[in-house]
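Below is one structure, written out as structure tokens; the observations come after it.
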Amino acid sequence: MRFRDGYNGSSFMELLEIEHPHLKPNWDRLFAAAVGELPAVAHGTTVIGLRFAEGAMVAGDRLATMDYRVASRDIEKVFATDDYSLMAVAGAAGPAMEMARLLGIQFEHHEKIEGEPLELEGKANTLAHLIKQNLPAAMQGLVVVPIFAGFDRRRRIGRLWRYEVTGGRYEEKEYDSVGSGALFARESMKKSFRPGASRDEALHMVLEALANAADEDRGTGSVDTVRGIYPRVKTCTSRGIEEISDEQVAGIHQSIIDGRRRPVE
98 MRFRDGYNGS SFMELLEIEH PHLKPNWDRL FAAAVGELPA VAHGTTVIGL RFAEGAMVAG
158 DRLATMDYRV ASRDIEKVFA TDDYSLMAVA GAAGPAMEMA RLLGIQFEHH EKIEGEPLEL
218 EGKANTLAHL IKQNLPAAMQ GLVVVPIFAG FDRRRRIGRL WRYEVTGGRY EEKEYDSVGS
278 GALFARESMK KSFRPGASRD EALHMVLEAL ANAADEDRGT GSVDTVRGIY PRVKTCTSRG
338 IEEISDEQVA GIHQSIIDGR RRPVE
């Protein structure tokens, strides 16, 4: 397919720049206007990714904070970017959700133009490019640091990447966490992680890690039983994207809490 000005590549962002430059997100202009209002920017907190026997799993709490206030108790931080990849975000909520939306559009555009989807590593590279474009905003405090995971259909395995604000990407062989409670989540995963874990074992690991992070970090949301708000957990396997039900999350979370209760003397 050839477009009006002769561009015949598969990059959606390059196409916007050539065909409709006024529609391309101008990160400098978009976020420079928010500098004077940075204290009012909502931030997502802790997300976790890990590999397990069937593929990859990504989880995130549902709390967004604004300084010491609750901005949202029910924010989404885990996104399916296509049928075989997931992105979880911590940092400035608005830019993070916009980045997830643009990433999904980029993947869809490439598949329509090329007739086949990007390889998983190419998808990870595309996200790195978007993060690098966001660097001016990150320097102003609007940092977006995601986890990217997916099922590599060529290798038949789950894969996981972490990123830095400059766009650098690093593949993780086991697990990773980002956000305000990441230190506590990683310490929990360090103790509980088992290579080749089953889906249920992996689910228990990530929920226990989120519970530990929420216990130590005031910015990380715990399970809200009053409102019925539970961490969002999604898997990516050869079957595609699957979301873990709130009922299953609630059951495992309760077993974790019951295991921590000490008998009254």
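Residue numbers 98 to 362, in my numbering, belong to the letters of the sequence shown in order. We put the beta carbon where it would ideally sit given N, CA and C, even for glycine.
Could you tell me how far apart the beta carbons of residue i and residue j are, in whole angstroms, since I believe they sit closer than 8 Å?
{"i": "V330", "j": "V303", "result": "6 Å"}
{"i": "L160", "j": "G337", "result": "Going by Cβ atoms, the distance from L160 to G337 rounds to 28 Å, so no, they are not a contact pair."}
{"i": "A197", "j": "V144", "result": "Going by Cβ atoms, the distance from A197 to V144 rounds to 12 Å, so no, they are not a contact pair."}
{"i": "V275", "j": "V241", "result": "With a Cβ gap of about 10 Å, V275 and V241 do not count as contacting."}
{"i": "F290", "j": "E271", "result": "6 Å"}
{"i": "L227", "j": "L200", "result": "6 Å"}
{"i": "C333", "j": "A225", "result": "Incorrect: roughly 19 Å between the Cβ atoms, too far for contact."}
{"i": "R66", "j": "Y181", "result": "Missing from the structure shown is residue 66; the chain here goes from 98 to 362 and no further."}
{"i": "D171", "j": "I349", "result": "That pair is no contact at about 20 Å."}
{"i": "L239", "j": "A189", "result": "4 Å"}
{"i": "G212", "j": "S335", "result": "22 Å between Cβ atoms; not a contact."}
What residue range is occupied by the uninterrupted alpha helix (DSSP H) comprising residue i?
{"i": "E313", "result": "R296 to E313"}
{"i": "V320", "result": "Looking at the DSSP string, V320 is not in any alpha helix (DSSP H), and its letter there is neither H nor E."}
{"i": "D355", "result": "D343 to R357"}
{"i": "K270", "result": "From DSSP, K270 is part of no alpha helix (DSSP H); its letter is neither H nor E."}
{"i": "S285", "result": "A279 to S289"}
{"i": "T223", "result": "L217 to Q230"}
{"i": "L200", "result": "A190 to E211"}
Work out the CA separation of residue j and residue i for me, nearest whole Å.
{"i": "D273", "j": "L147", "result": "6 Å"}
{"i": "K288", "j": "E195", "result": "34 Å"}
{"i": "A193", "j": "D355", "result": "35 Å"}
{"i": "Q345", "j": "I115", "result": "48 Å"}
{"i": "G191", "j": "G265", "result": "21 Å"}
{"i": "M286", "j": "R259", "result": "16 Å"}
{"i": "I254", "j": "E269", "result": "13 Å"}
{"i": "A169", "j": "M163", "result": "Note that residue 169 is Ser in the sequence shown, not Ala. S169 and M163: Cα-Cα distance of roughly 9 Å."}
{"i": "I341", "j": "M154", "result": "10 Å"}
{"i": "K229", "j": "R296", "result": "33 Å"}
{"i": "T178", "j": "R324", "result": "28 Å"}
{"i": "E205", "j": "L300", "result": "29 Å"}
{"i": "Y165", "j": "R315", "result": "9 Å"}
{"i": "T322", "j": "A347", "result": "9 Å"}
{"i": "Q351", "j": "R357", "result": "10 Å"}
{"i": "R63", "j": "V167", "result": "An answer regarding residue 63 cannot be provided, because it is not within the stretch 98 to 362 covered by the chain."}
First and last residue of the beta strand (DSSP E) that includes residue i?
{"i": "D145", "result": "Note that residue 145 is Ile in the sequence shown, not Asp. Start and end: V144 to F149."}
{"i": "D249", "result": "V241 to D249"}
{"i": "V175", "result": "V175 to D179"}
{"i": "E339", "result": "G337 to E340"}
{"i": "V330", "result": "R329 to T334"}
{"i": "G157", "result": "G152 to G157"}
{"i": "Y165", "result": "Unbroken run through Y165: none, as it is neither H nor E."}
{"i": "G255", "result": "I254 to Y260"}
So, at 7 Å on beta carbons, what are the nonlocal neighbours of residue i in its own chain, with the 5 sequence-adjacent residues on each side left out?
{"i": "D158", "result": "T142, T143, L307, A311, T317, G318 and P328"}
{"i": "A221", "result": "F245, W258 and R266"}
{"i": "A130", "result": "Any reading at A130 is ruled out, since the residue's pLDDT is 45, under 50, leaving its predicted position unreliable."}
If I measure Cβ to Cβ from residue i and keep anything under 6 Å in the same chain, skipping five residues before and after, which residues do I get?
{"i": "G293", "result": "A150"}
{"i": "K174", "result": "G141, V144, G157, A185 and V186"}
{"i": "I353", "result": "E305 and A308"}
{"i": "A235", "result": "V262"}
{"i": "P176", "result": "First, the amino acid is wrong: residue 176 is Phe here, not Pro. Within the same chain, F176 has close Cβ partners M184 and A197."}
{"i": "I339", "result": "The amino acid at residue 339 is misidentified as Ile; the sequence shows Glu. Once the five neighbours on either side are set aside, the close Cβ partners of E339 are T332."}
{"i": "D343", "result": "Y327"}
{"i": "E208", "result": "P214"}
Report all residues from its chain with a CB closer than 8 Å to the CB of residue i; omit the five preceding and five following residues, and keep chain order.
{"i": "E313", "result": "G278 and F281"}
{"i": "E298", "result": "F149 and R291"}
Three-pair Cβ contact test at 8 Å for the region 213-221 versus the region 275-284: The region 213-221 is not in contact with the region 275-284.
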